[in-house]
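Visitor: Residue numbers (the numbering used here), protein chains in the order written: chain E, 4 to 589; chain B, 119 to 557.
Idealized CB from N, CA, C, for every residue including glycine.
Here's a structure for you.
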């Protein structure tokens, strides 16, 4: 047995020594590969100081051909070295495993050759590996079960990311017509602000404070423009957006339509043709002078339904699937240029400011109409001693209650939004009132062309013409365009392009600037930028700041009359022929 | 010399841990020069599908290897033959075939074909899934012995095997079944192939892979020097199925060629704790044992019920793995934050005309379905745990040392520990020609 044991021992020793040699080789190869690998990383290669220095010199002397040639040579040299290292690495990929295979083989020989022959146990001897009692195994499996339970419980807490309840709500919002019944709920302010539910967005403010608007896009190349869709019919109405759906109206003298687009993709989801309503007609009080004014009223939505008004007096309510919920004709509206006031939703009411011209016998027939938004039936109709106007009412919280503020010639009137009872009125307007009122610094700010811009304290009651005017201005007043404010600054633009900035609280004019072009679309503020689209399709972007600071001037390529909308980080602009969705390229 | 041995092992540990990370790093692209060089970049080409003929070759090699493994293990009783076959399988199925397709991953293909009517299970994949099972029914886990490249790569690094305590062996032995259930549910619920993504060794077969995958594989291989076949014993989901088939196999490898004389020499022979000792006169466990068994049988449906109830909590986890739900969530978050810069995924979805509403609706439906899948997985986990407890309380009478049919990978490492086997090999005893059944 002795010679055999010696042979085995020798073989084992040889195997171990060979393994050690192989391991040393492997470690050396690994060290070389590590060093080469670190040196050959792309960043290290491109960090060539010489190359960087030459490129810097070329920037100062771009026409220097010698320099260019030198850069090419150095670049080529850098790359050549890089690929040399790559070749070395690839060789190492085969040498290293080969060395390790050798090590493994030798270790196998050492481990399994010439090993001891197993010996039987002596009497009473127990091996160390004798299986313990099964209770230990049972307990250990029980522990595994408990750990599993813990994992499941922990997994339940890892829902994070999306709020499923919110997701369900969103989907419910999009299909509410099918699933909701009973009284229609009205959305919370936060939901309104997240969307763009009416003319000039939530509260009619035209102001989105927490977002950043785009400042660079190119309609011609499509850069920064997510989608652009051809509009079926014309109109001056603005888009309204809710939860991924965009609603828009279009009309001509005989036809009126409501469109629903997927706001993310621009896909036209459905078109609702209003058709001829009972009592409705295609006749107008005055011949409309512009083919966009048949659909000048911006629709409104409460997140479940969309409400649209047209110049011929049609008022229609649709669900989000385009199914008509109710429709009615308000009859011919006595409006000199075409009815363009937009509907305003307040809780279960839909308000429509039906201001009209006097009858031939001199009677005033203007009224504030409040209809039940679920049925379309009149709840209240309040006569108004005013002439025809084109402004849209404002809902404003005053001393804990909501007021509906209307502006017409000559009265600015504050109503209780819930009861439609008049609270106060002030005689400060004249001529044709097109611009809608806005709220800033606790004041109602309104104006009309060539007359006055006035800030009114809405806390009064009765006739407050002489007691509640906070400030007024007689120059740079609004005419067609509704002012916009960020709460501190008030920006007033007129149709001729005069853009003025006031302190909202004091009426102090900070600056004014004449912009190129004429304007019908009202400005909006997104973040710190003011957007103003001219009729000839130029978007003026200026900083909403104490001084005039232009940001960009972008050509939309077509005429624009409608006030833009903003939701979901995207700007939606209605042109004469197209609807644009812009995310910007900045 | 022992110091030298330890040094080699330690060096092997270090090298394996760091190996292959470098090739993985070298996959990064090199930027083109920022001037016109006149070089025309070659057109990007995609590799075509594997020719049908080669797939048939793979299946043929698989059948041949399984047959040979059965012959070498059961009839020939050749550990050396099995080891050589293992090296061949490692070279063919591992390095040349790059570890794909393998029966372990084929679990997912089969699961997907059951859940997705639009997915057709390729014939070669079906063959790779079912053939080892068929052989397991006949001969036990001969696939694990020397045909599986994952088993082979682990087998070659077993140098200093330590024996784990049985309680740890039993508790970790539950994991393959849980992994199997999880992988099947994940595939059916989300279409994702988690087994492939978590395969620790495929990176070595391909000489490339994610760094985490390579490091995990390296760690497992290094640990495998001391704890044999960690993946096969405590992770492999296909092994979990093979265990069940092997238990009822018609034939199985035996430790010795003849009836066991309980000499105890083979007790330490198996590095995988797969040798069952004689039960002796004390088993089974008497009244206390029967009472325990009764309690555990009652516990089984309770565990399953608990798993079913609480498995619902796994629904959100499964949803997070589903690409459509993740896309919906991403889109949702971007909409919520009014994000101006979108992710590539949502941008692609939008640019391809995707309708968010439909996506959100789909996500909700999937989330609801995933709760059901979660319940199913909970049910499975409860059943696995309960059945394992029951199996531990069962006591069977055994006369001699036998391989544990479930655990035994038919590697033949125990053959040489049997004095009868040695005697046959040296011609001291006539060779036993009858095909043993291992019972």
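Apply the 10 Å Cβ neighbour rule to residue 234 of chain B and answer buried if 16 or more other Cβ atoms are within range, or exposed otherwise.
Guide: Residue numbering aside, residue 234 of chain B sits at position 116 when the second chain is read from its first letter. Answer is exposed; the Cβ neighbour count stays below 16.
Visitor: If you reduce the DSSP assignment to three classes, tell me which class residue 135 of chain B lands in.
Guide: Translated into positions along the second chain, residue 135 of chain B becomes position 17. Note that residue 135 of chain B scores 49 on pLDDT, short of 50, meaning its location in the model is unreliable and no value can be drawn from it.
Visitor: Confirm, please, whether the CB-CB distance from residue 267 of chain B to residue 212 of chain B is below 8 Å.
Guide: In the second chain, counting from the first residue as 1, residue 212 of chain B sits at position 94. In the second chain, counting from the first residue as 1, residue 267 of chain B sits at position 149. Contact flag set, yes.
Visitor: What are the boundary residues of the alpha helix (DSSP H) that includes residue 330 of chain B?
Guide: Here the question's residue 330 of chain B lines up with position 212 in the second chain. Element bounds for residue 330 of chain B: 329 to 342.
Visitor: So is residue 317 of chain B buried or exposed if we call it buried at 16+ other beta carbons inside 10 Å?
Guide: Looking up residue 317 of chain B in the second chain gives position 199. Buried is the call here.
Visitor: Which residue or residues does DSSP assign as beta-bridge partners of residue 450 of chain E?
Guide: Along the first chain, read from residue 1 onward, the residue named residue 450 of chain E stands at position 447. According to DSSP, which records beta bridges pairwise, residue 450 of chain E is partnered with E:456.
Visitor: Just the chain B side, please: which residues come within less than 8 Å of residue 143 of chain E by C-beta, in chain order?
Guide: For the purposes of this step, residue 143 of chain E is taken as residue 140 along the first chain, with counting starting at 1. Correct list: 285, 286, 288 and 289.
Visitor: Can you give me the Cβ contacts of residue 358 of chain B inside the same chain, cut-off strictly under 6 Å, excluding the 5 residues immediately before and after it?
Guide: For the purposes of this step, residue 358 of chain B is identified with residue 240 of the second chain, where counting begins at 1. Result list for residue 358 of chain B: 294, 295 and 298, in chain order.
Visitor: Quick check on residue 21 of chain E: does DSSP put it in helix, strand or coil?
Guide: Your numbering for residue 21 of chain E matches position 18 in the first chain. Residue 21 of chain E: helix per DSSP, three-state reduction.
Visitor: Three-state secondary structure (DSSP) at residue 132 of chain E?
Guide: Indexing the first chain from 1 puts residue 132 of chain E at position 129. Unreliable positioning characterises residue 132 of chain E in this predicted model, as indicated by a pLDDT of 43, which lies under 50. The coordinate reading is nonetheless provided below. Three-state DSSP puts residue 132 of chain E in coil, outside helix and strand.
Visitor: Compare the beta carbon distance of residue 512 of chain B and residue 417 of chain B with 8 Å and say whether it is the shorter of the two.
Guide: Here residue 512 of chain B refers to the residue found at position 394 when the second chain is read from its first residue. Here residue 417 of chain B refers to the residue found at position 299 when the second chain is read from its first residue. No. Outside cutoff.
Visitor: Since residue 268 of chain E meets chain B, which of its residues come closer than 7 Å, beta carbon to beta carbon?
Guide: The residue labelled residue 268 of chain E in the question sits at position 265 within the first chain. Result: 468, 471, 472 and 473.
Visitor: Under 8 Å between beta-carbons, which chain E residues line up against residue 511 of chain B? List them in chain order, please.
Guide: As a first step, residue 511 of chain B is located in the second chain; it is residue number 393 there, counting from the start. Ordered by position in chain E, the residues that pass the 8 Å Cβ test against residue 511 of chain B are 137 and 141.
Visitor: Identify, in the order they occur along the chain, each residue of the same chain with its Cβ nearer than 7 Å to the Cβ of residue 571 of chain E, setting aside the five sequence neighbours on each side.
Guide: For this step, residue 571 of chain E is matched to residue 568 along the first chain. Hits under 7 Å: 266.
Visitor: Would you say residue 311 of chain E reaches chain B, if we count a Cβ-Cβ gap shorter than 8 Å as a contact?
Guide: Residue 311 of chain E sits at position 308 when you count from the first residue of the first chain. So no, residue 311 of chain E is outside the interface.
Visitor: Just to confirm before moving on: does the CB-CB distance between residue 199 of chain E and residue 243 of chain E stay below 8 Å?
Guide: Walking along the first chain from the start, residue 199 of chain E turns up at place 196. Walking along the first chain from the start, residue 243 of chain E turns up at place 240. Result yes, Cβ atoms of residue 199 of chain E and residue 243 of chain E sit closer than 8 Å.
Visitor: Find the residues of chain E that neighbour residue 499 of chain B, judging by a C-beta separation of less than 7 Å, and give them in chain order.
Guide: Taking the second chain and counting its residues from 1, one reaches residue 499 of chain B at position 381. In chain order: 151.
Visitor: Determine the extent of the beta strand (DSSP E) in which residue 416 of chain E is found, giving its start and end residues.
Guide: Here residue 416 of chain E is taken as the residue at index 413 of the first chain, counted from 1. 414 to 419 is the extent of the beta strand (DSSP E) around residue 416 of chain E.
Visitor: Secondary structure at residue 92 of chain E, three-state DSSP: helix, strand or coil?
Guide: Residue mapping note: residue 92 of chain E aligns to position 89 of the first chain, counting from 1. Here residue 92 of chain E sits in helix by DSSP.
Visitor: Return no unless some Cβ of chain B is closer than 8 Å to the Cβ of residue 107 of chain E.
Guide: Position 104 of the first chain, counting from 1, holds the residue named residue 107 of chain E. It does: the Cβ of residue 107 of chain E has a partner Cβ on chain B nearer than 8 Å.
Visitor: Any beta carbon of chain B sitting closer than 8 Å to that of residue 3 of chain E?
Guide: Chain E is shown from 4 up to 589; residue 3 of chain E falls before or after that span and cannot be answered.
Visitor: Does residue 489 of chain B get closer than 8 Å to chain D when you measure Cβ to Cβ?
Guide: No chain D is part of this structure, whose protein chains are labelled E and B.
Visitor: Looking only at its own chain, which residues have a Cβ that is under 7 Å from the Cβ of residue 333 of chain E, when we skip the five neighbours before and after it?
Guide: The count along the first chain starts at 1 and reaches residue 333 of chain E at position 330. Counting only Cβ-Cβ distances below 7 Å, and skipping sequence neighbours, we find 316, 318 and 357.
Visitor: So residue 271 of chain B and residue 208 of chain B are supposed to be a Cβ contact under 8 Å. How far apart are they, rounded?
Guide: The residue given as residue 271 of chain B occupies position 153 in the second chain. The residue given as residue 208 of chain B occupies position 90 in the second chain. Right, their Cβ atoms sit about 6 Å apart.
Visitor: Which residues mark the beginning and the end of the beta strand (DSSP E) in which residue 240 of chain B is found?
Guide: Taking the first residue of the second chain as 1, we reach residue 240 of chain B at position 122. No beta strand (DSSP E) holds residue 240 of chain B; DSSP gives it neither H nor E.
Visitor: Which of the residues in the region 234 to 253 of chain E, read from start to end, lie with their CB under 9 Å from any CB of chain B?
Guide: Listed in sequence order: 246, 247 and 248.
Visitor: Where does residue 480 of chain E land, buried or exposed, given buried means 16+ other C-beta within 10 angstroms?
Guide: Along the first chain, read from residue 1 onward, the residue named residue 480 of chain E stands at position 477. Residue 480 of chain E should be labelled buried.
Visitor: Nearest by alpha-carbon distance to residue 529 of chain E: which of E:389, E:90, E:301 and E:548 is it?
Guide: Taking the first chain and counting its residues from 1, one reaches residue 529 of chain E at position 526. The shortest C-alpha separation from residue 529 of chain E is found at E:548.
Visitor: Please give me, in chain order, every unbroken run of the alpha helix (DSSP H) with length at least 4 that falls completely inside the region 287 to 312 of chain B.
Guide: Correct list: 293 to 308.
Visitor: In chain order, what residues of the region 560 to 571 of chain E put their CB closer than 7 Å to some CB of chain B?
Guide: Against chain B - using a Cβ distance shorter than 7 Å - the residues of the region 560 to 571 of chain E are 571.
Visitor: Count the other C-beta atoms from every protein chain shown that fall within 10 angstroms of the C-beta of residue 233 of chain E, then say buried if there are 16 or more, exposed otherwise.
Guide: In the first chain, the residue the question calls residue 233 of chain E occupies position 230. When all chains shown are included, residue 233 of chain E counts as exposed.
Visitor: What separation, rounded to the nearest whole angstrom, lies between the Cα atoms of residue 150 of chain E and residue 481 of chain B?
Guide: Position 147 of the first chain holds residue 150 of chain E. Position 363 of the second chain holds residue 481 of chain B. Going by the C-alpha atoms only, they are around 30 Å apart.
Visitor: Compute the Euclidean distance between the alpha carbons of residue 494 of chain B and residue 485 of chain B, then round it to the nearest angstrom.
Guide: Translated into positions along the second chain, residue 494 of chain B becomes position 376. Translated into positions along the second chain, residue 485 of chain B becomes position 367. Cα to Cα, residue 494 of chain B sits roughly 14 Å from residue 485 of chain B.
Visitor: Could you list the residues in the region 267 to 284 of chain B with a C-beta less than 8 Å from some C-beta on chain E, going in chain order?
Guide: The region 267 to 284 of chain B vs chain E, Cβ under 8 Å: 274, 275, 277, 278, 281, 283 and 284.
Visitor: Identify the contact partners of residue 111 of chain E in chain B, using a Cβ-Cβ distance below 8 Å as the criterion.
Guide: Here the question's residue 111 of chain E lines up with position 108 in the first chain. Within 8 Å Cβ-Cβ: 274 and 277.
Visitor: Does the pairing of the region 194 to 202 of chain B with the region 167 to 175 of chain B give three or more beta-carbon distances under 8 Å?
Guide: In short, these stretches do not touch, since the Cβ pair count stays below three.
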